[in-house]
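What follows is a single structure, written as structure tokens, with notes after it.
2 protein chains.
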Amino acid sequence: MVRWEPGAAERLQKAALELFATRGFEQTTATEIAESVGLTERTFFRHFSDKREVLFFGQQLLVEAFLAGVDTAPPDASPIEVVASALQSATSFFPDERRAHSRSRQSIIDQHPALRERERHKLASIATTVADALRRRGVDEVAATLAAESGATVFAIAFGQWIREDEQRSLADIAAEVLRELLTLTAAASARIPR
Amino acid sequence: MVRWEPGAAERLQKAALELFATRGFEQTTATEIAESVGLTERTFFRHFSDKREVLFFGQQLLVEAFLAGVDTAPPDASPIEVVASALQSATSFFPDERRAHSRSRQSIIDQHPALRERERHKLASIATTVADALRRRGVDEVAATLAAESGATVFAIAFGQWIREDEQRSLADIAAEVLRELLTLTAAASARIPR
DNA sequence: GCACTGATGTCTGCGACTGACGTCAGCCGC
DNA sequence: GCGGCTGACGTCAGTCGCAGACATCAGTGC
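Heads up: the protein sequence lines correspond to chains A and S, in order. Going left to right, the first sequence walks through residues 8 to 202 as this note's numbering numbers them. Going left to right, the second sequence walks through residues 8 to 202 as this note's numbering numbers them.
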């Protein structure tokens, strides 16, 4: 007989997701989430630094997928090529089986400005992490930031498209196309904006 | 004899800036800010939706500067050219006289994750607004988002460079160079990442 | 057995924010 | 010039997010 059920954080996250979906984010208190899985509010805040964070539990794995993609890029790859590699690695983190789950999770986030703010922050911190990794490869400050932020933008756009109701393509395919569109866009401008 | 001094929001912002700089953001309560200018906490929250927002009072003018730049771009301009125009317009919003003030304000923001989160959110909402304006010009969904987010990234990088201690160039000049670097980066990749 | 650790509960308090309601100068129509 | 209306503020009371301090006790190692 164990004193506590294991996996408290996971149970809290699952319960939070359900409660947010039914009652809404603001109408759900941390105490309710905790007690619905037999824990107290205090324990909730031991696992998550704030109430919003419960929705982002596990994101570290996505960050690591990005970094793995950076590391597997060939040594002579240009910054954007490295980012393309990171995108391919990161997108494989979302197989089609996760699509439905991602959709419902996203619909909660989209409904609450505070959650969108946190989501943006998470994306930005991924970009920062990727930029650091690029700098370690010798890419200069500005180029590293530009490339990493562009990658994050491409990821966000592709993800948004991936969870649309009528979308069939894989996230990786969509991301590759969006990146291609970015290159097309800038190429068109490059000819017309002189030094 | 007037019942209240005018410009409550401005006075609150000024007081908040000073208190945050001396005591720190978390160590300053909304009540303290309000009472330091002869108002109550309740009035503080009537002017600002939350405590962080007091630092971003007036940002609407920056958004309008971006939009003005979008509107003054020639009708046949490519999306990135429109963004370049928006950047030139927005950067003129920060003449060199504002550099010192921007620096001290930024040092407060940089010290508190919650404030950085809000700042990111503001930047993202600027990008969203610019993307909407691009769409109204007939630019398609993905291209509009990509161009607008790229513009926001360029702005953020340029702004960060502009407030460095040893920096002498104008914000507009820095932004133009950063944008040029983005085009160079993507051009290099465009040749090597096939369709 | 026995000390030690780590995840949890309990208690308590602060501060961010909100809704409801009261106040009163200035403006506006008559 | 008078009465009603409005808008900016104050007052009061409440909820909830979040954190510090300390107690509890199953499991683990010795």
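Note that CB positions come from ideal geometry on N, CA and C, so glycine has one too.
Exercise for the section: Using a Cβ-Cβ cut-off of 9 Å, state whether S:Gln-113 counts as contacting chain A. Expected result: no
Practice task
Taking all protein chains shown into account, decide if S:Pro-102 is buried (16 or more other Cβ within 10 angstroms of its Cβ) or exposed.
Solution key: exposed
Problem - Chain-order list of residues whose beta-carbon lies under 8 Å from that of S:Ile-115 (same chain, five-residue window excluded) - result: Leu-24, Phe-27, Ala-28, Phe-32, Leu-62 and Leu-122
Exercise for the section: Consult DSSP for A:Met-8 and reduce its assignment to one of helix, strand or coil. Expected result: With a pLDDT of 49 at A:Met-8, under the threshold of 50, the predicted position of this residue should be treated as unreliable, and no value is reported.
Problem - Among A:His-54, A:Leu-69 and A:Ala-16, nearest to A:Ala-163 - alpha-carbon criterion - result: A:Leu-69
Problem - Check: S:Arg-59 C-beta below 8 Å from any heavy atom of the ligand SAH - result: Among the components of this structure there are no ligands whatsoever, and the ligand SAH is therefore not found.
Practice task
Would you check if the distance between the CB atom of A:Glu-60 and the CB atom of S:Glu-124 is smaller than 9 Å?
Solution key: no
Exercise for the section: Using 10 angstroms around the beta-carbon of S:Ala-134, count the other beta-carbons present and answer buried if the total reaches 16, otherwise exposed. Expected result: buried
Practice task
Would you kindly report the start and end of the unbroken alpha helix (DSSP H) that includes A:Pro-120?
Solution key: 120-143
Handout entry: Proximity of A:Ile-181 and A:Glu-174 at Cβ, strictly below 9 Å
Key = yes
Problem - Beta-carbon gap between S:Leu-189 and S:Thr-160 smaller than 9 Å - result: yes
Problem - Proximity below 9 Å, CB of S:Ser-96 to CB of S:Ala-72 - result: yes
Handout entry: chain A within 9 Å of S:Thr-160, Cβ atoms only
Key = yes
Problem - Through-space distance from S:Arg-187 to S:Pro-120, alpha-carbon basis - result: 30 Å
Problem - Continuous beta strand (DSSP E) assignments of at least 3 residues falling wholly in the region 45-104 of chain A - result: none
Problem - S:Glu-148 and A:Ala-196 closer than 9 Å at C-beta - result: no
Handout entry: Boundaries of the alpha helix (DSSP H) in which S:Gly-14 is found, first to last residue
Key = Taken as a continuous stretch (DSSP letters only), S:Gly-14 belongs to no alpha helix (DSSP H), as it is neither H nor E.
Exercise for the section: Below 7 Å CB to CB, which residues in the same chain sit around A:Ser-111 once its five sequence neighbours on both sides are set aside? Expected result: Ala-28
Practice task
Using a threshold of 9 Å, state whether the C-beta atoms of A:Ser-85 and S:Leu-192 are closer than that.
Solution key: yes
Practice task
Show which residues of chain S have a CB atom less than 8 Å away from the CB atom of A:Glu-188.
Solution key: Val-149, Ala-150 and Leu-153
Practice task
For A:Glu-33, return the contacting residues in chain S, with the cut-off set at a CB-CB distance below 9 Å.
Solution key: The premise fails here: A:Glu-33 is roughly 13 Å from chain S at the closest Cβ pair, so nothing lies under 9 Å.
Practice task
Count the other C-beta atoms from every protein chain shown that fall within 10 angstroms of the C-beta of A:Ser-56, then say buried if there are 16 or more, exposed otherwise.
Solution key: exposed
Practice task
Please report the Cβ distance between S:Gln-20 and S:Phe-64, rounded to the nearest whole angstrom; I am assuming they are in contact, meaning their Cβ atoms lie under 8 Å.
Solution key: 5 Å
Practice task
Drop a sphere of 10 angstroms on the beta-carbon of A:Ala-155, count the other beta-carbons inside from all chains shown, and report buried for 16 or more, exposed for fewer.
Solution key: buried
Exercise for the section: Step through the CB atoms of chain A and report whether any lies within less than 9 Å of the CB of S:Gln-168. Expected result: yes
Exercise for the section: Can you grab the Cα-Cα spacing for the pair S:Thr-136 / A:Ala-179, in whole Å? Expected result: 27 Å
Exercise for the section: Could you run through the region 191-202 of chain A and flag, in chain order, every residue whose CB is less than 7 Å away from some CB of chain S? Expected result: Leu-192, Thr-193, Ala-194, Ala-195, Ala-196, Ser-197, Arg-199, Ile-200 and Arg-202
Exercise for the section: Could you tell me whether any Cβ in chain S is nearer than 9 Å to the Cβ of A:Val-185? Expected result: yes
Exercise for the section: Inspect the beta-carbon positions of S:Glu-184 and S:Ala-165 and report whether they are closer than 9 Å. Expected result: yes
Handout entry: Interface flag, S:Glu-156 vs chain A, CB-CB below 9 Å
Key = yes
Exercise for the section: Note down, in chain order, every chain A residue with its Cβ under 7 Å from the Cβ of S:Arg-285. Expected result: This structure cannot settle anything about residue 285 of chain S, because the visible part of chain S is limited to 8 through 202.
Handout entry: Extent of the continuous alpha helix (DSSP H) run through S:Val-146
Key = Careful: S:Val-146 lies outside any alpha helix (DSSP H) and carries neither H nor E.
Problem - Pairwise C-alpha distance: S:Ser-132 and S:Gln-67 - result: 11 Å
Exercise for the section: Answer yes or no: does any C-beta atom of chain A fall closer than 9 Å to that of S:Ala-91? Expected result: yes
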